[in-house]
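> Sharing a structure below in structure tokens format, with a few things to ask.
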Amino acid sequence: MDKEFQKKLAKILEKTDWHLGIGDVESATGISQTKLRYWERKGYIKSAQGKGQNRKFTYSTLMKVYQMKMYLDQGYTLAVAAEKAESKNQIMRTLKRVIFDRYEGIETLEGCPAINLGSLVGDPDHSLYAIVRSDHTDLKLFPKQRDNQAEV
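Per my numbering, the sequence shown starts with residue 2, numbered consecutively.
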């Protein structure tokens, strides 16, 4: 992927957060609009007020609501479910950051999709690849000249 395009895409995705109406969140998660409003009043989730004062939720909030529902279904209290869901969301934000910071392309290596994660600090002659196999992912270093010779 072109480095300039990658930087622009990362910036767009980092700053853009799509918004969903409360009905969309209800449809996607099965949590009623009444409960969503209650959760918002309690501070477990946040919304932005759209035109006409309609609640708009981010994709991140949608995922948090879904996770909260999963924890509630497992018997956790609402407060614990919200805490656990927020912890998972933080992990996802961190992973998103790593991917956008390190992604340099995808290729085929050893017959499998391989994500080029770039060079390690202090080793500009090699690139780290995450080779995605059917049952696990391997991390391997390959010589940098391999970048232009990998199977696509």
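All C-beta atoms in this analysis are idealised placements derived from N, C-alpha and C, irrespective of residue type, glycine included.
Because the structure is a prediction, the values reported are computed rather than measured.
Which of the three DSSP states, helix, strand or coil, is assigned to L142?
strand
> Can you tell me the Cα-Cα spacing of V153 and A115, whole angstroms?
In this prediction, V153 has a pLDDT of 42, which is less than 50 and means its spatial position is unreliable; what the coordinates show is noted afterwards. Their Cα atoms are separated by approximately 10 Å.
> From R98, V99, D25, Y104, pick the residue whose C-alpha is nearest to that of V66; which is it?
Closest option to V66, Cα to Cα, is D25.
> Looking at the secondary structure, which residues open and close the beta strand (DSSP E) in which G22 lies?
20–22
> Do the segment 128–142 and the segment 100–119 make contact, defined as three or more Cβ pairs closer than 8 Å?
yes
> To the nearest angstrom, report how far apart I107 and P125 are at their CA atoms.
19 Å
> From this set, T62, L63, E84, S61, which residue's C-alpha is nearest Y72's C-alpha?
The shortest Cα separation from Y72 among T62, L63, E84, S61 belongs to E84.
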